[in-house]
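Data first, discussion second: the structure below is written as structure tokens.
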Amino acid sequence: MALDAAPLAFIAAAPPVATAPPSHASTSAPRRIGGTASVAATALAVGAVVGRGSVARRATAVKKKGVRVVEGKEIPWNLFSPKAPYKGSCVSKETITTKTALVNWETCHVIMDHGGKVPYIEGQSIGVIAPGPDKKGETPAKIRLYSIASSSPGDDESNKTVSLVVKRVVEVSGKGWCEYSNVPQGQDAEFPDAEKVYRGVCSSHICDMNAGDDVMITGPTGAEMLLPEDPEANMIFMATGTGIAPFRSHLRHLFHDKVSKGNFKGVAWLFLGVPYSESLLYDEEWKEMQAEFPDQFRYDYAVSCEEKCEKNKINGEMWVQHKMMQHSDDLWDLVKDPKTHVYMCGLKGMESGFAECFQERVEAEGMVYAEFLKKMKKDKRYHVEVY
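full-length UniProt numbering puts the first residue of the sequence shown at 1, with every later residue one more than the last.
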């Protein structure tokens with residue numbers, strides 16, 4: 001998930017009156033994580049178990065370059081900076097959506113080789129520096145952060161690759177929002193008649209990559225979306241579009257990778273919102289995981305432009321929170337469980353959507369929603385990365 005990628009299907013209604021608005025991720029404390037070995041031990045030790053507790057005990061409190069201590073545990077942190085990025089290469093790029101009525105329909109899955117030099121853990125992000133120029137004319141372009149879509153061993157489990165899921169940002173006047181233009185009028189091959197066309201600089205750089213192309217990588221960074229220590233923890237994942245990235249990272253660690261599969265004893269439930277069925281991401285992977293772990297993994301989709309929902313008083317579309325309302329009894333039991341962590345990644349409206357789902361439930365049990373949410377945050381089981 002990148003800050004310049006704007007997935008649809010979760011534009012939440014405002015939270016009910018008399019509820020204090022939830023805090024955003026930027027104002028919340030770092031979240032609970034599993035311990036990791038020091039960066040010097042390389043990524044081979046990263047992700048060995050769900051909680052990684054045994055690795056944590058080997059961590060030290062000594063401040064080291066390329067390491068941050070979060071809640072007493074070491075994680076890799078900014079091993080490579082914008083001024084000194086790592087020069088990796090593209091292994092492969094695949095378009096994983098099919099064309100729809102939207103101008104920005106294309107989403108790509110890109111695998112990059114970091115040679116084992118950029119270890120990361122599930123839930124972190126890396127930066128990519130495009131050659132530019134960006135919309136301000138700067139060369140190279142400013143760094144763009146992307147949530148990592150692979151678990152720490154990488155899609156090939158070699159500990160030498162990192163994967164991103166990137167929406168190609170395209171804005172066209174007369175076809176939705178378009179404030180800037182970085183294509184001379186009449187010269188865009190796809191939209192030659194448009195007055196203004198803006199193509200995201202870094203997203204285009206990534207989505208245009210071919211195998212063997214260089215890519216400048218920074219990071220890793222981020223501690224908001226990391227997995228909990230407890231292998232019996234439950235997880236509710238709420239995503240829109242490319243906000244699926246950290247949850248694919250988590251889910252491959254929990255249900256796919258040889259080094260970690262089978263260690264997780266809790267329940268994981270994914271809700272993904274997209275505008276069209278053609279926009280669904282990693283559907284086959286979710287099917288395989290659910291077939292192998294039917295008692296531990298569930299997933300549901302909210303396809304906003306194809307499904308209707310009477311509970312949506314704004315435009316009648318099915319958004320993520322409305323899909324969740326269809327399973328409100330089961331979800332409320334999970335949300336109340338002190339072992340359950342709630343994760344949101346995507347559009348900013350997710351937090352008010354969560355309130356829309358559960359405020360009445362909270363108040364029906366004699367609690368105040370703002371206090372209930374405050375307690376979730378204090379217990380470090382409310383994880384938000386939205387824009």
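Note that beta-carbon positions come from the ideal geometry of N, C-alpha and C, so glycine has one too.
**Request:** Tell me whether the beta-carbon of Ala291 lies closer than 8 Å to the beta-carbon of Gly266.
**Result:** no
**Request:** May I ask which residues mark the beginning and end of the beta strand (DSSP E) holding Gly88?
**Result:** 86-95
**Item:** Contact under 8 Å by Cβ, Val166 with Thr107
**Value:** By the CB criterion at 8 Å, Val166 and Thr107 fall inside the cutoff.
**Message:** On a Cα-Cα basis, can you pick out the residue from His250, Glu363, Gly273, Ala130 that is closest to Gly200?
**Reply:** With respect to the C-alpha of Gly200, the residue from His250, Glu363, Gly273, Ala130 having the closest C-alpha is Ala130.
**Request:** Provide the residue span of the beta strand (DSSP E) that contains Cys345, from first to last.
**Result:** 340-346
**Message:** I need the straight-line Cα distance from Glu310 to Glu195, nearest angstrom please.
**Reply:** 38 Å
**Request:** Starting from Ile129, trace the beta strand (DSSP E) both ways and give me its first and last residue.
**Result:** 125-129
**Item:** Integer Cβ distance of Ile126 from Ala245, believed to fall under 8 Å
**Value:** Not really, about 11 Å apart at Cβ, beyond 8 Å.
**Asked** From Met216 to Phe358, what does the alpha carbon distance come to, in whole angstroms?
**Response** 43 Å
**Asked** Thinking just about the alpha-carbon of each residue, which of Leu373, Val386, Ala370, Gly115 is nearest to the one in Lys348?
**Response** Val386
**Request:** Grab the span of the alpha helix (DSSP H) containing Asp330 for me, first residue to last.
**Result:** For Asp330, the enclosing alpha helix (DSSP H) begins and ends at 328-336.
**Asked** Can you tell me whether Ala355 is buried or exposed, with buried defined as 16 or more other CB within 10 angstroms of its CB?
**Response** Burial state of Ala355 is buried, judged by a 10 Å Cβ sphere holding 16 or more other Cβ atoms.
**Request:** Leaving out five residues on either side along the sequence, give the residues of the same chain with a beta carbon under 6 Å from the beta carbon of Thr139.
**Result:** Gly132, Pro133
**Request:** Quick one: residues in its chain with C-beta nearer than 8 Å to the C-beta of Thr161, no 5 flanking neighbours on either side, listed in chain order?
**Result:** Contacts found: Val91, Ile111, Met112, Asp113, His114, Ser150, Gly154, Asp155.
**Message:** Less than 8 Å between the beta carbons of Asp295 and Lys323, yes or no?
**Reply:** Note that the C-beta distance between Asp295 and Lys323 is not below 8 Å.
**Message:** Quick check for students: name the residue ranges of the alpha helix (DSSP H) that lie wholly in the region 229-290, counting only runs of 4 or more.
**Reply:** Qualifying alpha helix (DSSP H) stretches, in chain order: 245-255.
**Prompt:** Quick one, are the C-beta atoms of Val172 and Val103 less than 8 Å apart?
**Reply:** Yes; because the gap between Cβ atoms is below 8 Å, this pair is in contact.
**Proximity winner among Gly72, Asn78, Val259, Met350, relative to Lys65 (alpha-carbon distances)** = Asn78
**Asked** Name the DSSP bridge partner or partners of Ile143?
**Response** Ile143 pairs with nothing; no bridge assigned.
**Asked** Does the beta carbon of Met225 fall short of 7 Å from some heavy atom of the ligand COA?
**Response** Questions concerning the ligand COA fall outside what the structure shown contains, since it holds no ligand whatsoever.
**Message:** DSSP three-state label for Gly132, please.
**Reply:** coil
**Prompt:** Alpha carbon to alpha carbon, what distance is there between Met289 and His256?
**Reply:** 7 Å
**Prompt:** Apart from the five residues just before and just after Phe293, which ones in its own chain have a Cβ nearer than 6 Å to its Cβ?
**Reply:** Phe255
**Request:** Give every residue of the same chain whose Cβ lies closer than 6 Å to the Cβ of residue 417, excluding the five residues on either side of it in the sequence, and list them in chain order.
**Result:** Nothing can be reported for residue 417: it is not among the residues displayed for the chain, which extend from 1 to 387.
**Item:** Burial state of Asn210 (16 or more Cβ within 10 Å)
**Value:** exposed
**Prompt:** Measuring CA to CA, which of Gly346, Asp208, Glu224, Asp337 is closest to Gly273?
**Reply:** Between Gly273 and the set Gly346, Asp208, Glu224, Asp337, the nearest pair of CA atoms involves Gly346.
**Request:** Would you mind reading off the limits of the alpha helix (DSSP H) that contains Met350?
**Result:** 350-364
**Prompt:** So Lys378 is in the alpha helix (DSSP H); what residue range does that whole segment cover?
**Reply:** 369-378
**Request:** Measuring alpha carbon to alpha carbon, tell me which of Lys136, Tyr180, Ile121, Glu307 ends up nearest Glu224.
**Result:** Ile121
**Prompt:** To which residues of the same chain is Tyr369 closer than 7 Å at the C-beta, ignoring the five residues directly before and after it?
**Reply:** Thr19, Ala355, Gln359, Val362, Glu363
**Item:** Ser81, buried or exposed, once every other Cβ within 10 Å from all chains shown has been counted against 16
**Value:** exposed
**Request:** Look up Leu164 in the DSSP assignment and give the residues it is bridged to.
**Result:** Val110
**Prompt:** How about Leu270 and Phe237: are their beta carbons less than 8 Å apart?
**Reply:** yes
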